[in-house]
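In full-length UniProt numbering, the protein residues as written are 1 to 525. The C-beta atom is built at its ideal place from N, Cα and C for all residues, glycine as well. For reference, the structure is listed below as structure tokens.
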């Protein structure tokens, strides 16, 4: 009978302690005893590790922003000079500071809080939380973290998070173990690329043990070799990105220059119009930034296309066959368009916001990350290229454009209205320039002089690839983009462009019609 009473009493005590609400437990943090606070924190972690408010409580406690109301012991945290209740989420403005007291902590409690935060996030359902927690542990690695790292490794399924935890554990082994185990850990560190692994290896370089010195030296050489390789990949990616921009900027010029033999110096301003169209759409729909870029693509194509058709109908069609005069006329148009933009939008650069899905970077490892905005531009450039290629090769319009570009008199004799084809072709080329402006708005500042930076490069791409040849434009764009990015670190941005220009001049001396010369009777002129 007595045993039964004891069991019932224990169950009652357990039930009572477990039934303590989050609010009741948190209120006990107002106690002056650090031991009581530690016990409260441990109980909160055990019973409320999935409670979202617990993370807020711990973070504010660690930062010294956690308070309690003197009369009710209600827990609050300081946010923008106002007290916010952790329990009700209500904000208390113009509060009397004497009514509140700070929840004080010591070094031991700080360690408990850090470990608790790590535990909450390392075992959270959200992958991003676990990844962030793993990175935080690696950056602020301490010997006492080993237990939680090993515990997390047992349950973690995501390989990227697991790799970070393994690196953290290997760093601890290299620092605090000895003998063969330490040597093995040092050797394994050569396969990691984070600054923490480098820091650990550098701290072991001055060891008195010759074996450790040799192992550290090998690991550092391995890391250096891997970093050189990934640096090459990163430079190649930047070259691919620049090549994509050049492709978008030059593909419209390749079509118009190839069909009409017009030197359009206003092509850069058509790119600028596309960029300003993107900016205008964002101003019209400020709450829909995520979708504004998608809407801006067809809008920029239409706006720049209409401007291009107007230029062709009003000016260029009167100057066919007079290349120098079209150059001067379109140069004048470019100055007019720049001034119109300055008048409407001001001469200052305008900010085009990047949607969240284009922000950030795809992290391959600690030494290589690819920014999403550039990655999307590369993909977008290929989509535009193959769409234009399809139109030119598989549609009736494309057949007529090719016929006019190869032999205008015969095309006219076959009943093709060359003047109509000229207008449509110029509109399509200008529209693609506008689409290039949408892409550029995500990579650089939008201003009246935006197009001037790309007009010369566009002509270089067209001439190098072969006038009017789309595949030539593709290959020339990426070739020049890659060459430029690999020369830049050695020679600087300006000298790199000069070297490329000299290269193209020398190349044209040998192959005046470019890599892939256009076929047809007119192409021989």
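Assignment of residue 42 by DSSP, reduced to helix, strand and coil, places it in the helix class. Taking C-beta atoms as the reference points, residue 111 and residue 68 fail to come closer than 8 Å. By alpha-carbon distance to residue 349, the top candidate from 28, 394, 441 and 117 is 441. Less than 8 Å divides the Cβ of residue 433 from the Cβ of residue 270. The secondary-structure analysis by DSSP pairs residue 75 across a beta bridge with 68. Of the candidates 129, 418, 191 and 291, 418 places its Cα closest to the Cα of residue 404. As DSSP reads the structure, residue 371 sits in a beta bridge with 361. Along the length of the region 161 to 230, whole alpha helix (DSSP H) runs at least 4 residues long occupy 179 to 189 and 195 to 203, reported in chain order. If you ignore the 5 residues before and after residue 66, its C-beta comes within less than 6 Å of the C-beta of 60, 77 and 103, all in its own chain and listed in chain order. Residue 502 counts as exposed, since fewer than 16 other C-beta atoms from the protein chains shown sit within 10 angstroms of its C-beta. Membership of residue 154 in the alpha helix (DSSP H) is indicated by the continuous run 146 to 155. In the three-state DSSP reduction, residue 378 falls in the helix class (H, G or I). With 16 or more other CB atoms across the displayed protein chains lying within 10 angstroms of its CB, residue 169 is buried. As a beta-bridge residue in DSSP terms, residue 83 pairs with 78 and 92.
Rounded to whole angstroms, the gap between the alpha carbons of residue 214 and residue 482 is 38 Å. The beta carbon of residue 429 lies closer than 6 Å to those of 252, 255 and 256 in the same chain, with the five residues before and after it left out.
Only residues of its own chain outside the window of five on either side were considered, and among them 355, 356 and 357 have a CB closer than 7 Å to the CB of residue 290, listed in chain order.
In this structure, residue 161 places its C-beta atom within 8 Å of the C-beta atom of residue 130.
Residue 144 and residue 123 have their C-alpha atoms some 18 Å from each other. Rounded to whole angstroms, the Cβ separation of residue 327 and residue 265 is 6 Å, and the two are in contact under 8 Å. Contact check between the region 227 to 244 and the region 472 to 491: three or more CB pairs, one atom from each, fall below 8 Å, which counts as touching. Looking only at 489, 457, 517 and 471, the smallest Cα-Cα distance to residue 504 is reached by 457. Per the C-alpha coordinates, the member of 408, 277 and 119 positioned closest to residue 45 is 119. CA-to-CA, the gap between residue 244 and residue 478 works out to about 7 Å. When the Cα atoms are used, residue 154 and residue 469 turn out to be separated by approximately 57 Å.
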